[in-house]
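Heads up, the thing below is written out as C-alpha cells.
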Amino acid sequence: MVGRAAELELIDSLSAGCDADRPGLLLRGGPGVGKTALLDVAAARAVAAGTRVLRASAAEFEAEMDYSALHQLLYPLRRHAERLAGHHRDVVDRIFGLAPGLPPDPLAAATAVLALLGEVAVERPLLMVADDVPGMDRASATALGFVVRRIGGHPIGFLGAARTRGDGMCGQLDLAVREIEPLAEPEAVELLDGRWPELGPSVRRRVLAEAAGNPLALRELPKELSSRQRSGHLPLPALLPLSGRLEAAFASAVGGLPAPTRTALLMAALDPGIGRAVIRRAAGEAEGSDALAPAREADLLQVDARADRITFRHRLTRAAIVHLACPGERRRAHLALAAALTDVPERRAWHLAEAATGPDETLARALDETALAAWRHGEPGLSDRPRGAASAAVAALVRAGELSPHPGDRSRRLVEAAYLATFTGQLDHVPRLLADAGHGDGTPTGLAFAATAHLLTHDEGDIDAAHRLLTRALDDNAATATADDWHHYGTLYALLLVSLYALRPEPWQLLKTALDRFEPTAMTSIRLCYEAYVDPTTASDAVRKGLADAFAQLPADPAPWELIPLAFAAVAMDALSDHRYVVARMIERERDGGAIAMVVPALMLLCHDSYVHGRWDEGERLAQEGLELAAAHGYRFWGRQIRALLASGAALRGDADLARTRSEEATTWAAPRGIEVTEAYARAARHLAAMGQGDYEEAYVQVGRIDPSGAPNAGIPGRWLVLNLVEAAVRTGRIDEAREQVAAARTAGIRRISSRTALICAGAEAVAADEHGAGPLFEAALALPHAARWPWEHARIQLAYGQWLRRTRDHHARRYLSAALETFDRIGATAMAQRARNELRATGVVTPSGPAAPAAALTVQERQIAELAAVGLTNRQIGERLFLSHRTVGSHLHRLYPKLGITSRAALRAALEAMSSGATARSAGPAVP
C-alpha cells in the first residue's frame, strides 16, 4: 500500500503478538482514508502467516439486533462450540440462534465468547478484525470490550476501524488508537499516477487538490470523468462528479440532518469564501439560531467565529453536499446568496450567473468586468476557488461566454479566457477555448494570435512561429493603442518573451514599432525592459533610475504581468537584488493557482540573482522549485531555460561533466528552434567548465561561438562575458585579440551598465595588460565601488592579480590568493578554489584540500539515487528508473546531503568519489614502511 508502511509495520507487530499488554489496535480516520484497505491487507498477511482471521463489519440495518456483530464475527467457529462446557455452549448457541431462549445477558455472553476464543486459539493464533466499530450493536460491543481487556495472555489479537470523532461503542474497547491521516503529497502523486497515468496536467492537479490525499478519492474521482475530460480536451465541471462509493462515504452524515442545516450547508458548499453572517442573512435565520450546529456536531465542518470563516473537514464533503441537492435547490441557494451579497458585487455577479438559466448580457458583462479586474489588479475576486484570482478569471470569462447572447461577445470572452489560461497552468485548455471561440466580427484576432504564440512558446519553444503570429497580430491592431487596452498589452507581452530569447534584432525591432503606437509614458515596464536589453549603455543612469522609480510606484501586491518585465529588466541591469522582496511576494501569492507562467520565470530570475551574488545553494533551491512547477504545469520552455542556467551553475561549482551534460541537452533542444539566448548560456557553461579544468583552448572555442563576431557586445549574456573572452584569449596566447576585445568593450560602453559590468570590464583590461602595466589596473578594478557585491568576478580578479604578483615575486600575492580562496570556498567554486590553492602552494603556503569525509553511510536506495543524480538525471528521470515519485527522490536527496557533508546536487560526484576512495583506503589497511 502506498504511503502506509508505518501503519503496516504496527499491524504486523500486533499480529505477531509483540505487545501482550495491549493486544488490540483501533485504526481511526475519515471516510475513504484507507482504513478498510489496511484491514484487508492485515487479514491477508495474517492468513499467510498461519493465523486464523475472524471478520465482522457493522451494517446499519443490524444495529438494533443484539449480538448481530458477534454472530458475524464468530459464526465460522460455531462447530468449535461443542468443545465448551455446557453452560458456555448454551450461551454461544443462543448467540448463533441455534438454541431456543432469549439473548444471553452481557456477562454470560462475554465469558462464553472468551472461552470459545481461548479454546480455538490453542490450535493457532487468532486475529479478530472489525470494521466500523461504532456502528456495531451495543450488545456485541459490550461483549467485545470485555474480551479485549482479557486476551493479553492468549495468542489473540483485535484490530478495529472507526471514523474520526465517531466514538459510539469505541469507548468500551480499551484499545491503542492509530490515526490514519491522508496521504502526503508524494504518496498521493504516486498513487494517482500509478492508477491513472493518462491524466492531463491540469486534470491531474485538479484531482490531487480535490482528493487532498484521500486514497479512495484518488482512485475514484477520475473514474467518473470521460476519456476526453481525463486527457484535458474537455473542461472539468466546477465540482467533480462523485462515484457511488464516494457519495456514500462523504454524504452519509448529511441526509439525517435537519432541513435548515442542509440549506445552510448547501450555501457554505456553493461559496466557501462566505462567512456565517452571510449564510444567516441568506437563509433568513432568526437571531440567536445556529443552523450549522448539527453539522459541527457531526464533524462535517469547523466554524472560526473570530475570522467568520467556515471550513469543511474534507473538500469532497462540499462536493457531496452539492451533488445531493437538486438543481432547483442549488438555484434557490445561489439567488439567496446573491441577495445577501449586495455589498460584494463580484461574488453577487458570480452567484447570479450560476443561477441563470439562459443568455443574459447584463450578467455576462458583470462577470467580464470582475474577471478582468481580478487579472489586472491581482485582486481575489469572484469566489474562493481552488486556483487563484487568475484562474478564477478564466472560469468567469468562460461562464460569461456561455451567457453571452451575441456571438461576437461570446467569441471575444472565450479568446480572453484562452489568453489568460496560457498563464494559469491550463495550456491544455487553450486550443479548445480558441476553437470554441471561432472567428467572427467580434473576435479579437490579435489576442487570439497572442494566445497561440504563448502556447507555441511555452509548450514547444517555437519562437519563430510565435514571432510570425505576433507580426500578424500587430498588423490586425495597427490602430493607435491606449494604455488600458489589454488586448494590445497581451500582444506586446508575448512579443517581449520572444524577443528576450532571440539574439536576432527583428523581434526587438517589431516590439519597438509596436511601442511607438502608445503614448511615451505608457507601457513603462515593457519600455524599460526593451531599453535594458537593447540599449543599456546610451542612458544607463536613466534606465536604472527608471527601474527604481517603476518598482517604487508598484502597489503592495502588483499584478504579475506588470512586475515580470521589470524583473527581467532589473536582471539585465544587475539590479534585481534591490527588489527581490517584491518578486518573492508575488511568487508566494501566485504559486498556488495563480499566474504560474509568471511564477516560474520569476523563480528563474531570483535564481540568476542568487548566483551572481554568490548564494549558489539558494539559487539551486529556487531553480529546483521552478523546474517542478514547470514540469507540473506543462511550461517546458521555462524548464529548459532553468536547466541551461543550472548548466552554468554546475560549471561554476567545478562539476565539468554535469555542466557539459546539461549544456548539451540545452543546445540540442534550443538550436533547432533558434533560441539563441539559451544556446549562449549553454556555451557559456561549457566555457566555464573548460576554464575550470585548465582546457583554455576549448574555453576559447566555446565562448567564441556565443557571438559569431567574436567581439564583446552589450546584449544578453554578452555583457557579462567580456572577462571570459579576454581571459580565454590571453590563456591561449592571443594577446592582441584580447586587447582588441577590451577596446571593443570600452567602445560599446559596457562598463556603464552596472557596477558588475564595470568590474568585469576593468578586470578584463588588467588581464590583457602587459606585465609592467597590469598592477595598477588590477588595483583599480578591485577598488571599484561595490566590487565585493559580485563575489565570483571579484574573486577571479583577485586570483588573476595574485598570479601576476607571484610571477613578479611580490609577497603581497599571498594576500590576494588567500582572499580569492576564501571566497571560492565560501560560494562553492571547487575548481577555482583548487587553482587558488595551487597558486598559494607555489608561494609556500599549504592549505587543506578535498571534500570532507561523509558523516554516515548511505542506504542502497540512497546510493542509487545519488549516483543517478550525480550524472545529471532529474528527479523525475530518477523516479522513472527506480519506480519512485520525483518528490520522493527529492526527499531522499535532501536527507543524504548531510550524510555526504555537502549542500547541493552539484557536489554529489566529488562526494561519492571521496566516499569510494575512502572505502578503498580503509580496506587496504595502513601503509607499511
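Following my numbering, the numbering of the sequence shown begins with 347 at its first residue and continues without gaps.
Just so it is clear, CB atoms sit at the ideal spot from N, CA and C, and this is done for glycine as well.
A quick note: this is a predicted structure, and the numbers were derived from the prediction, not measured.
For residue i, the three-state DSSP class (helix, strand or coil)
| i | result |
| --- | --- |
| VAL600 | coil |
| ARG309 | The chain is shown from 347 up to 1275; residue 309 falls before or after that span and cannot be answered. |
| GLU852 | helix |
| VAL348 | coil |
| ARG509 | strand |
| GLN1087 | helix |
| ASP782 | helix |
| SER359 | helix |
| ASN560 | coil |
| VAL668 | helix |
| GLY1064 | helix |
| TYR876 | helix |
| TYR1243 | helix |
| ASN1221 | helix |
| ILE1052 | coil |
| SER1317 | Examination of residue 1317 is not possible in this model, given that the chain is present from 347 through 1275 alone. |
| PRO904 | coil |
| ILE497 | coil |
| PHE1124 | helix |
| ARG1080 | coil |
| MET1178 | helix |
| PRO1131 | coil |
| PHE795 | helix |
| GLN1149 | helix |
With 16 other Cβ atoms within 10 Å as the buried cut-off, status of residue i
| i | result |
| --- | --- |
| LEU820 | buried |
| ALA1114 | buried |
| PRO901 | exposed |
| SER729 | Note that SER729 has pLDDT 36, beneath the 50 cutoff, so the model's placement of it is unreliable and the number below is only indicative. SER729 comes out buried. |
| HIS954 | buried |
| PRO851 | exposed |
| PRO1058 | buried |
| GLY499 | exposed |
| VAL523 | exposed |
| VAL393 | exposed |
| TYR835 | buried |
| CYS672 | exposed |
| GLU406 | exposed |
| GLU877 | buried |
| PRO543 | exposed |
| GLN987 | buried |
| LYS381 | buried |
| LEU453 | exposed |
| ARG733 | Per-residue confidence for ARG733 stands at a pLDDT of 40, beneath the threshold of 50, marking its modelled position as unreliable; the derived number appears in the next sentence. With 16 or more Cβ atoms within 10 Å of its Cβ, ARG733 is classed as buried. |
| GLN855 | exposed |
| VAL553 | buried |
| ASP650 | exposed |
Those residues which DSSP pairs with residue i across a bridge
| i | result |
| --- | --- |
| PHE504 | GLY370, MET474 |
| ALA402 | ALA476 |
| THR657 | GLN648 |
| ARG524 | LEU373 |
Any chain D beta carbon closer than 9 Å to residue i
| i | result |
| --- | --- |
| SER1009 | Of the chains in the structure shown, none is chain D; there is only one protein chain. |
Subject >> Any alpha helix (DSSP H) of 4 or more consecutive residues that is wholly inside the segment 918-996 >> reply: 926-936, 942-958, 962-979
**OP:** Decide yes or no for the touch test of the segment 1050-1070 against the segment 1018-1030: beta carbon pairs closer than 8 Å, at least 3 of them.
**Re:** yes
Original post:
Three or more beta-carbon pairs under 8 Å between the segment 436-453 and the segment 406-424, yes or no?
Top reply: yes
Original post:
Does the pairing of the segment 749-767 with the segment 786-793 give three or more beta-carbon distances under 8 Å?
Top reply: yes
Original post:
Does the count of Cβ pairs from the segment 436-443 and the segment 471-478 closer than 8 Å reach three?
Top reply: no
**OP:** Could you tell me whether the segment 646-661 touches the segment 690-707, where touching means 3 or more Cβ pairs closer than 8 Å?
**Re:** no
**OP:** Please determine if the segment 419-432 and the segment 388-404 are in contact, where contact requires at least 3 C-beta pairs separated by less than 8 Å.
**Re:** yes
Original post:
If you pair each beta-carbon of the segment 764-783 with each one of the segment 545-554, do three or more pairs fall below 8 Å?
Top reply: yes
Original post:
Curious, which full-length beta strand (DSSP E) runs of at least 3 residues does the segment 389-462 contain?
Top reply: 398-403
**OP:** Tell me, please, whether the segment 893-911 touches the segment 922-941 by the rule of three or more beta-carbon pairs shorter than 8 Å.
**Re:** yes
Original post:
Can at least three beta-carbon pairs, one atom from the segment 637-648 and one from the segment 606-623, be found at a separation below 8 Å?
Top reply: yes
Original post:
Are three or more beta carbon pairs between the segment 874-894 and the segment 1085-1092 nearer than 8 Å?
Top reply: no
Subject >> Cβ contact (3+ pairs, closer than 8 Å) linking the segment 525-545 and the segment 1230-1249 >> reply: yes
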